[in-house]
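What follows is a short report on a single structure.
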């Protein structure tokens with residue numbers, strides 16, 4: 001059981017396998033992530049109604065309520081002896097649309113560098129970045145699906161054009177949006 005192994009590591013700082021070999025975890029920082037409570041975060045975020053943005057005080061109260069609810073969910077899923085060995089539990093705020101666009105831009109800049117290694121200059125319009133951010137974002141899973149969306153919507157498109165010899169070394173391409181779809185423009 002994974003939790004029993006984690007308990008051993010968190011309690012003793014040492015992991016012993018079935019062969020009697022020991023691995024020292026005493027000078028190790030272990031970071032664990034979970035989507036437990038993600039549903040609560042997205043549900044609470046949707047309760048902000050009205051035309052004006054909530055005040056910082058209202059945001060903080062909302063965050064504290066979400067954090068309390070998420071910690072309650074953690075207590076339902078994990079045994080107390082496991083949770084008591086964790087130094088800190090951090091509940092992150094839901095990503096905003098602008099943050100998703102920034103993440104998409106970073107991922108696309110990585111793609112741009114990879115294409116440059118093959119002698120192809122690529123640029124992405126603001127509309128393309130917004131489109132891929134929209135298509136690749138899931139309120140529950142955050143930005144994780146974004147990488148798959150970039151691969152299936154942009155990388156596959158460019159690879160197809162390269163295979164057709166429409167894009168080759170020395171070319172410059174711009175990816176934009178045409179008729180609501182990502183396209184080489």
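In UniProt numbering, the protein residues as written are 1 to 185. Here a beta-carbon is modelled for each residue, glycine too, at the ideal position from N, C-alpha and C. Note that the structure is a prediction, hence the values are computed from the model and not measured.
Quick check on residue 168: does DSSP put it in helix, strand or coil?
DSSP places residue 168 in coil when its eight states are reduced to three.
Which residues bound the beta strand (DSSP E) around residue 14?
Per DSSP, residue 14 belongs to the beta strand (DSSP E) from 14-16.
Could you give the residue range of the beta strand (DSSP E) that holds residue 114?
No beta strand (DSSP E) contains residue 114, which is instead part of the alpha helix (DSSP H) from 97-117.
Alpha carbon to alpha carbon, how far is residue 166 from residue 15?
Going by C-alpha positions, residue 166 is about 55 Å away from residue 15.
Anyone know if the C-beta pair for residue 94 and residue 145 falls short of 8 Å?
In this structure, residue 145 does not lie closer than 8 Å to residue 94 by Cβ.
What did DSSP end up calling residue 2 once you bin it into helix, strand or coil?
Here residue 2 sits in helix by DSSP.
Count the other CB atoms within 10 Å of the CB of residue 131; is the residue buried (16 or more) or exposed (fewer)?
Per the 10 Å Cβ criterion, buried.
Could you say which of 137, 110 and 28 lies nearest to residue 124 if we only look at CA atoms?
Residue 124 has its Cα closest to that of 110, out of 137, 110 and 28.
Hey, residue 107 and residue 66: beta-carbon distance below 8 Å or not?
Against a cut-off of 8 Å, the Cβ pair of residue 66 and residue 107 comes out as no contact.
Can you name, in chain order, every residue of its own chain whose Cβ lies under 6 Å from the Cβ of residue 51, other than the five neighbours on each side?
Only weak support is given to the placement of residue 51: the predicted model assigns it a pLDDT of 41, under 50, and the question is left unresolved by the model.
From the DSSP output, in three-state form, read off residue 176 for me.
In the structure shown, residue 176 sits in a strand (DSSP, three-state: E or B).
Closer than 6 Å by C-beta to residue 13: which residues in its own chain qualify, once you throw out the five before and the five after it? Chain order, please.
Within the same chain, residue 13 has close Cβ partners 25 and 26.
Just the C-alpha distance for residue 153 and residue 170, rounded to the nearest angstrom, thanks.
The alpha-carbon of residue 153 is positioned some 23 Å away from that of residue 170.
Rounded to whole angstroms, how far is the Cβ of residue 143 from the Cβ of residue 90, which I believe are closer than 8 Å?
Residue 143 to residue 90, Cβ: 17 Å. No contact.
Grab me the residues of residue 135's own chain with a C-beta within less than 7 Å of its C-beta, minus the 5 sequence neighbours each way, in chain order.
Contacts found: 149 and 153.
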